[in-house]
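Asker: Below is the structure I would like to discuss, written out as structure tokens.
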Amino acid sequence: MMIIETNNAGFAEECSALRDAGHRLMTMFAEHSGRVHALFRKGADVTDVTHVPEGKAVPLSPSIPCAMGFERLMAESDGVEFEDGPRAPLVLRKEGSIPRNHTVGEDVFEIPVGPVHAGIIEPGHFRFSVAGEPVIELNPTLGFTHRGVERLLEGPASKDDSRLVERISGDTCVANCIAYSEIMESGAEIPVRARHIRVVLAEMERLHAHIGTVSGVCTDTAFCVPSAVGGGIHEKLLRMNVGLTGHRLLMNSVVPGGVRRDIPPETLMRLDDFLMEIKFEMEELASVMMESPALLDRLEGTGVLKKSDAEELGMVGPIARASGVESDVRAELPYEMYGSLGMRVVTEPKGDVHARTLVRLGEITESISLIHQCIQSMEPGETRVRVTPKDGVRCAVVEAPRGELVHCAVIEDGKISRYNVRDPSFMDWPGMSRAVPGNVVPDFPLINKSFSLSYSGNDL
């Protein structure tokens, strides 16, 4: 990672120059000392532009819109003040009213939804401005699951906080633990077998996340039989996870230095055979879905997210790829064993619910292929070594099921003075406000499910 030390005057200039050169803002955070970091990535090149503000901090959001969320978070959590004025709170930790935008006009009214929902899901508040059925504007309010995770991760770098990290977002345990482990490993040589097993677990996590979302899309369109079939496949995957790690969501499996336990060769061979069956079942399910005029009528043209919007907001993962943005950390910045495996980045151009479903169906096939390649090339060996975190600014980038996941740590004298987590959902939630307007209110649950974002990953 390249580090560029600058001052107030040069901070915005350096960041704008990186953006103009095709680099994308990954994350921003402030240390307790006031030092601000802005991390950009283009392919495998990661750059940290940092400075200590002289008075008030220089804002990036006027030229880089996706920086606004980070600036709001820094203002509220770290007390950073910006030259162009205060930022509205982002995480709800204080008493009082919630600031909201209101659309005013004849026959315009608002529909509040949440934070308590009809389903068993995480809390979030959505306020629709409508004129009849079509949505004019959507204002989401999140932050209800804020737990102060980043502060809990500060302290001695030698302590193993993997069990805390994997609970940042329950269905992203493996990805978060891989990112955390890479920071704690500080470039140490990790056993090849452990790196293979990490890829197997990461792709199993992606499989159960994507299949659950595809099944949910069928549920939200009342396509009952495919919904039930998808739910059954999802349950079989979760039970296979128990056989691999002892936990349905693969918790307690990845640790700094490798993996907590080896997976026997006979179990891996059973997994390979099992996934061939899953591949066949998913191909049948996809065929039924994509040949149904009633389903396609609900999916096509619904919740369109333009490529220009996805790029402007810095969106990541399947949501961005479904809008034509070809970006995948596994291909651009390979980690673990991804650099030695063959994979295809699945993209679609239309940016609607149909495209997002097709991307996930394609990635299910790719995940099965990656696991098969790992199993075939895996050899006996150690699965864990002792590692010692090193001082400095550390960054790890991982492709979680929802997209690019970033962990950063500032380690000084063997202590973590600042830990930053940027979940992919943090980048993708603003896109919901671009995709929903123009659609009717009953289509919101379907659009929301096709985004399949994490509330707890966003709120931390």
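Heads up, the sequence shown stops at 459 in numbering that gives the first Met the number 0, and the numbers go up one at a time, no gaps. For every residue, glycine included, the Cβ atom is placed at its ideal position computed from N, Cα and C. None of these values were measured; they are calculated from a predicted model.
1. With DSSP run on the structure shown, which of helix, strand or coil describes Lys41?
2. Can you find the residues in the same chain that come closer than 7 Å, C-beta to C-beta, to Gly84, ignoring five residues on each side of it along the sequence?
3. Reducing DSSP to helix, strand and coil, say where Cys217 ends up.
4. Can you give the Cα-Cα distance for Ala43 and Pro52, rounded to whole angstroms?
5. What are the start and end residues of each continuous alpha helix (DSSP H) run of 4 or more residues lying completely inside the stretch 0–79, in chain order?
6. I'd like the span of the alpha helix (DSSP H) that includes Val164, first residue to last.
7. Can you tell me whether Lys389 is helix, strand or coil according to DSSP?
8. Classify Cys223: buried if its beta carbon has 16 or more other beta carbons within 10 angstroms, exposed otherwise.
9. Please report how far the alpha carbon of Glu181 lies from the alpha carbon of Val258, in whole angstroms.
10. On a CA-only basis, which of Gly33, Ile63, Arg194, His50 is nearest Ala16? Give me that one, please.
11. Hey, which unbroken runs of the alpha helix (DSSP H) at 4 residues or more fall wholly within the stretch 98–173?
12. From Cys176, Glu362, Thr49, Glu121, pick the residue whose C-alpha is nearest to that of Asn6; which is it?
13. Using 10 angstroms around the beta-carbon of Thr301, count the other beta-carbons present and answer buried if the total reaches 16, otherwise exposed.
14. Taking C-beta to C-beta, are Val173 and Leu249 nearer than 9 Å?
15. Mark Pro292 as exposed unless 16 or more other C-beta atoms lie within 10 angstroms of its C-beta, in which case mark it buried.
16. Whole angstroms are fine: how far does the CA of Ser449 sit from the CA of Asp351?
17. Taking the continuous alpha helix (DSSP H) assigned at Gly456, which residues delimit it?
18. Indicate the three-state DSSP secondary structure (helix, strand or coil) for Tyr334 in the structure shown.
19. What would DSSP say about Lys349, mapped onto helix, strand or coil?
20. Can you say whether Gln372 is buried or exposed, counting buried as having 16 or more other CB atoms within 10 angstroms of its CB?
21. Could you tell me whether any Cβ in chain B is nearer than 9 Å to the Cβ of Gly229?
22. Does the separation of the CB atoms of Arg40 and Arg23 fall below 9 Å?
23. Indicate whether the contact test is met: 3 or more Cβ pairs, each with one atom in the stretch 432–447 and one in the stretch 126–133, closer than 8 Å.
24. May I have the straight-line CA-CA distance separating Met203 from Ile196, to the nearest angstrom?
25. If you follow the alpha helix (DSSP H) that Asn438 is in, where does it begin and where does it stop?
26. Going along the chain, which residues of its own chain have a beta-carbon closer than 6 Å to the beta-carbon of Pro111, five neighbours each way excluded?
27. Take every Cβ of the stretch 340–351, pair it with every Cβ of the stretch 382–389, and state whether three or more of those distances are shorter than 8 Å.
28. Any contact between the stretch 271–278 and the stretch 416–430? By contact I mean 3 or more CB pairs, one from each, below 8 Å.
29. So, is Ala156 buried or exposed, given that buried needs 16 or more other C-beta atoms within 10 angstroms?
30. Can you tell me which of Thr102, Leu459, Lys278, Ala221 puts its alpha carbon nearest to the alpha carbon of Leu298?
31. Would the beta-carbon of Phe81 fall within 9 Å of that of Phe28?
32. Mapping DSSP to helix, strand and coil, what is Asn251?
33. Hey, Ile167 and Ser455: beta-carbon distance below 9 Å or not?
34. Which value, in whole angstroms, describes the spacing of the CA atoms of Pro114 and Leu89?
35. DSSP state of Ser416, grouped into three classes?
36. Can you tell me the Cα-Cα spacing of Ser453 and Ala11, whole angstroms?
Answerer: Reading it off the structure:
1. strand
2. none
3. helix
4. So the two alpha carbons sit approximately 28 Å from each other.
5. 7–19, 66–77
6. 161–164
7. coil
8. exposed
9. If you draw a straight line from the Cα of Glu181 to the Cα of Val258, it comes to about 12 Å.
10. Ile63
11. 148–151, 161–164
12. Thr49
13. buried
14. yes
15. exposed
16. Approximately 9 Å between the Cα atoms of the pair.
17. Gly456 -> alpha helix (DSSP H) spans 454–458.
18. If DSSP states are grouped into helix, strand and coil, Tyr334 belongs with coil.
19. coil
20. buried
21. Of the protein chains in the structure, only one exists, and it is not chain B.
22. Yes, the pair counts as a contact, with Cβ atoms nearer than the cut-off.
23. yes
24. Roughly 11 Å between the two C-alpha positions.
25. Bounds of any alpha helix (DSSP H) do not take in Asn438, whose DSSP letter is neither H nor E.
26. Arg126
27. The stretch 340–351 vs the stretch 382–389: no contact.
28. no
29. buried
30. The residue with the shortest Cα to Cα distance from Leu298 is Ala221.
31. no
32. coil
33. Going by C-beta atoms, Ile167 is nearer than 9 Å to Ser455.
34. 15 Å
35. strand
36. Cα atoms of Ser453 and Ala11: separation of roughly 30 Å, rounded to the nearest angstrom.
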